[in-house]
Each structure stands twice: as C-alpha cells, then as structure tokens.
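Below is one structure, written out as structure tokens, with a few remarks after it.
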Amino acid sequence: MVFRRRSIPAGAAAPGADDPFTQEALSYVDSLYGTALRLTRRPSDAEDLVQDTYLKAFRAADQFERGTNLKAWLFTILHNTFRNMRRHDGRNPVEVDSETVEQAVDAAGTQQTPEQLLTRATLDADLQAALDELPDAFRQAVWLRDVEEFTYAEIAAMIGVPIGTVMSRISRGRRMLFERLSKVKAGAA
Amino acid sequence: MNEPRPGEPVCSCRDLEPLLAAYVDGEAPACDRDKVRAHVEACPCCRDRLTGERAAREALRAHRGGLRPSAPDALKARCASFAARGETAEPGVTAEQGVASAFRRKDAPPLRRTDSSAAARPRRHLLLRWAPLSLAATLLLAVGVVFGFGLTNKVQALAFQTTIDHVKCFRLNAGAHTDDAADAAGQWQSRFGWKIGVPASSRDAQLELRGVRRCGVLDGRVAHIMYSWMGEPLSVYVLPKQALGPATQFVSRFRHNSVMWSQNDRTYIMVTSHRHDPALAQMVAYVRSTAY
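From first to last, the protein sequence lines are chains A and B.
First residue of the first sequence? That's 1 in this note's numbering, and the numbers climb one at a time after it.
First residue of the second sequence? That's 1001 in this note's numbering, and the numbers climb one at a time after it.
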C-alpha cells in the first residue's frame, strides 16, 4: 500500500481512526506484540512497548515516507523504544560475547546429527522455549527473519547493525535453535 | 573443521559462515551458491550445520501462527484510541503556549483505559504503565521552558519538569488505584534495583494511593508515586540521589505547588494544585515521615 507523505500543521490532529495509515498500522498489533514479548519476555512490558510504539507512530505519521514498508517502520520504532526502555531500566543493552557463542556453536556442530523431522514433530511450546533460551541478539535476528519475514536490510536498519552481522546472527541463531530442539527431542525419546 | 586442500574450492568453513543464511533462504547469488555447494560436498560438518539451519528455519516458519500470540484486546483498544483521539506532538507550539494548553487539557476527557468495557485488562501488577513517549513532547516543552525562562536554578527546573509531568501523567493513568503501598514499593525495588518508601493511603488525611510508575523525566530514573488527595491529583517524585538539602523548599508555578527536599540519599518532590496552607504542610510532614 502506498501512502501520501502528509504534512500536519501545528496543533492539527494526527491520522484519525478511519485513515488507511491507521488501519494498516493497527493491523500489525499482533506482530508487534509478539515481537515485544520476545524482546521483553514480560507481558506487561510488552504491552507498554507496543502502546508507546503506537503513540509515537501516530504522532510521527507525517514522517512516514510513501512507498516504504509501514510494518518495518513500526518495528524500527518498537526497537528504538525498547533500547531506550532498557537504558532507562539500567539494564545492559543487548550484548553478545561472540567468542563464547562461536565456541558453543562449533561444539554443537560436531555433535549434531541431521534431523529433518523437526518441522512436523516440534511443538509450539518446545519451539517457544528453545527460542527463549537463545541469547537476545540471536533470538531477535531469527525472529525478525523467520517469523516476521523482514529482509536482511530491514532488520539491519531496525536493530542498527551491519547486514553481514544480521546474516551471521540469523545463521548462528538457527543452528543454536536446532541444537536446542534436538536436545528436547533426544530427551523426549 | 576442514581446511581447503590444493585442488579443492578456495573456501574454508569460516569463509562459508557469512553465506549460509542467504543460501538457506534461497537468496544467495549464483557464485555463492556454487561455493557453498562445493564446500558442503566435501565437508560433513558444514553439511550438518546447513541441515540444522534449514530444519530450524522450516520449524519456525511452520509454527509461525502458534508462536505469535494475539495482542490483548484491551491493548488493541488503547492503541486504536491514540489514533482516534488524534494524539499529536504539536510541532511549532511555543513553550508558553504549550504550558498553557497542557493545563487547559487537564479538564479535557482523560486518555483513560477502557476499564469499564469488556476489553478491560485485569490489573495484574501495581506499577503503572510507563509512558515516556507520551511525555516526549512534555520533556521538550519542559526543557524549552527552562531555557526560555533562563531557569538555571535547580529547584525551579525540578519544579517545572515534575509539574508538567504531573499534569500529563494523571491524564494517562486516570482510574488507576491500589491499596498496597508495601507491595508497590517491593515491586519497584525488584524491578529497578533501588529502594523507595511508598507512603500508604490515609483515610484521616483523605489520601488515596493510586499507583507507582517510572517517570520519563530526569534521565528516566525517577519514581512517580501518584495519589488522590481530597479528590485532587497529588504526586510524589523520588530521585535516587541527594540533589537538595534537607530543608523543605516551596516553589509555586502554573497554579501548582511543588515542595521538595532530600533525605536518606533520595530527593522528594511533591506536586499538587492544593494551595500553600497548613493542610499542605501536614501532608508534607506525613510524606517525610513515611517515605524512605
């Protein structure tokens, strides 16, 4: 969908409830909430995050450029808001110890056996739990790619890292996820 | 992992790493595809890695629906209400106009949650929604006011910022209520790592605790304890540092009174529209004696 770039005069109302911009923006609320849940891991924080994303989006509607991806724009606001939220909480931003992760992935790579039955045999809950165990940066990259279907470039812009880093995180994140799921399967067998 | 030997494609396992995601996604250019294929033919480790990546990718895509929960109805209703109410940052408004309109809006219908509707969300915890973005314009406004009026004085600046936040915040959190001051204080400490005392509701003083939220002003490290006092909003802001002396200071601006002091490595700023009278002095004494 293509939107006209709008210019809202001072004090004028932001897009109303029937505006196509509003309608499309609100259609992504489930996606935003699911992503917010993966980021914050707490429903109350996820709700805060989504609520503030929409407040900011509607206020900045005039800055949305026509022809660009509204969903990606909303997700960028969501991630920026999340970073600010973390900063204010005094928690560490998303940090990745690349060396540790690499060692873990390499160790896993030597033990795993090819397994192609995961797709049908895996339960949502197992997948959810395995995802939640991934380090933040990897979970975020894999989620945005495989669940929300963003392009590498969109993800890179969203989370503020180079495209190569995004691709590497997706790749490693998937392998870590596979390893965790394999363990679940092995444990259940 | 295998290292390339003479005669094999010039591609090590490490070289392969950046190519795998795009290869698995079917987005790798032809030259990269050939490189990956040639490598995995000769390297069982990387073949397994590739298989694992594919399996994880397919599992995620197959379970997309189950992984993505529906947003709560109350949240959807709140988000939709932001557009319906035409929330805007009001670019171009001057600091003085902004302050004036902020106070005019005090009488406007509050941006309340749909507490009475079927979509109302059960109150699960005592800390109120944080609303820094709703306050972004407020903060800019406050900074503008501070510079516009040449207010370099710390006391005046604190009074301005908290007074504007007080007005905005009671609009956003209209209808909130809690009876458990100790639990609210405990939740605050477990979530933000520093201790606050939350003065409890008092029937004698007609003081009713409404909730505690993190406030977006002053670096976002401020606890905002919200009350209803004789039916009017009253705020107690707590900063986790000693910014002032122990003596009580009064500032009156924009038809609100701010009362502030420091004790126990905390700075307290009480904001109310109540006039400066003995009842206010009593309330200050109550907060001073029951806060951390």
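Virtual Cβ for every residue (Gly too), placed ideally from N, Cα, C.
One finds Asp124 in chain A with Cβ atoms closer than 7 Å to the Cβ of B:Gly1066, taken in chain order. The Cβ-Cβ distance between B:Leu1075 and A:Gln51 falls below 8 Å.
Distances from the CA of A:Leu26 to each of A:Ser171, A:Thr53, A:Asp124 were compared; the closest alpha carbon is that of A:Thr53. Residue range 1030-1042 is occupied by the alpha helix (DSSP H) that includes B:His1039. DSSP, reduced to helix, strand and coil, places B:Leu1244 outside both helices and strands of the structure shown, so it counts as coil.
In the DSSP assignment, the residues bridged to B:Ile1269 are B:Tyr1237, B:Met1260.
Counting along the chain, no alpha helix (DSSP H) covers B:Glu1027, and no H or E run does either. When the Cα atoms are used, A:Gln128 and A:Leu181 turn out to be separated by approximately 10 Å.
Collapsing the DSSP output to three states places B:Leu1207 in a strand.
Here B:Val1251 is bridged, per DSSP, to B:Ser1258.
Pairing B:Val1024 with A:Ala57, the inter-Cα distance amounts to about 34 Å.
Look at B:Val1212 here: in three-state DSSP terms it is strand. Among the residues of the segment 31-64 of chain A, those with a Cβ less than 7 Å away from any Cβ of chain B are Ser31, Tyr33, Gly34, Leu37, Ser44, Glu47, Asp48, Val50, Gln51, Asp52, Tyr54, Leu55, Lys56, Phe58, Arg59, in the order of the chain. Per DSSP, the unbroken beta strand (DSSP E) holding B:Val1222 starts and ends at 1222-1229. Non-local C-beta neighbours of B:Leu1280 in its own chain, meaning closer than 6 Å and more than five positions away in sequence, comprise His1274, ordered along the chain. Among the CB atoms of chain B, none fall inside 8 Å of the CB of A:Asp132. For B:Ser1202, the secondary structure class from DSSP, reduced to helix, strand or coil, is strand. In chain order, Pro1199 place their CB closer than 6 Å to the CB of B:Thr1290, counting only its own chain and leaving out the 5 sequence neighbours on each side.
The segment 1153-1161 of chain B makes contact with the segment 1244-1258 of chain B: 3 or more CB pairs, one atom from each, lie closer than 8 Å. Residue burial is scored here from C-beta neighbours: B:Asp1048 has at least 16 other C-beta atoms within 10 angstroms and is therefore classed as buried. Taking 8 Å as the cut-off, the beta carbon of A:Asp30 is found closer than this to the beta carbon of B:Arg1068.
If the five residues before and after B:Ile1196 are omitted, its C-beta is found closer than 8 Å to the C-beta atoms of Ala1185, Trp1188, Gln1189, Val1212, Ala1223, Ile1225, Val1238, Arg1266, Ala1291, Tyr1292, all from its own chain and listed in chain order.
B:Asp1204 sits exposed, since fewer than 16 C-beta atoms from the chains shown fall within 10 Å of its C-beta. Going by DSSP, A:Leu131 is part of the alpha helix (DSSP H) stretching over 124-133. In the DSSP assignment, B:Glu1232 forms a beta bridge with B:Trp1229.
Ranked by Cα distance from B:Ala1055, the options A:Asp136, A:Gly160, A:Val142 are led by A:Val142.
Across the structure, A:Arg42 and B:Val1251 are spaced so that their CA atoms are roughly 39 Å apart. Taking 9 Å as the upper bound on Cβ-Cβ separation, chain B lies near residues Gly164, Val166, Met167, Ser168, Arg169, Ile170, Ser171, Arg172, Gly173, Arg174, Arg175, Met176, Leu177 of the segment 161-177 of chain A. In terms of beta-carbon proximity, B:Cys1031 stays away from the interface with chain A, with every pair separated by 8 Å or more. Below the 8 Å Cβ cutoff, chain A contributes no neighbours of B:Leu1207, its closest Cβ being approximately 26 Å away. Residue state for A:Asn84 is assigned as helix, using DSSP reduced to three classes. When CB distances to chain B are screened at a threshold of 8 Å, the residues of the segment 146-162 of chain A falling below it are Asp146, Val147, Tyr152, in chain order. For B:Gly1186, the enclosing alpha helix (DSSP H) starts and ends at 1181-1192. For A:Leu70, the closest C-alpha among the options A:Gly34, A:Phe82, A:Tyr28, A:Asn80 is that of A:Tyr28. Rounded to whole angstroms, B:Ala1038 and A:Arg172 show a C-alpha spacing of 21 Å.
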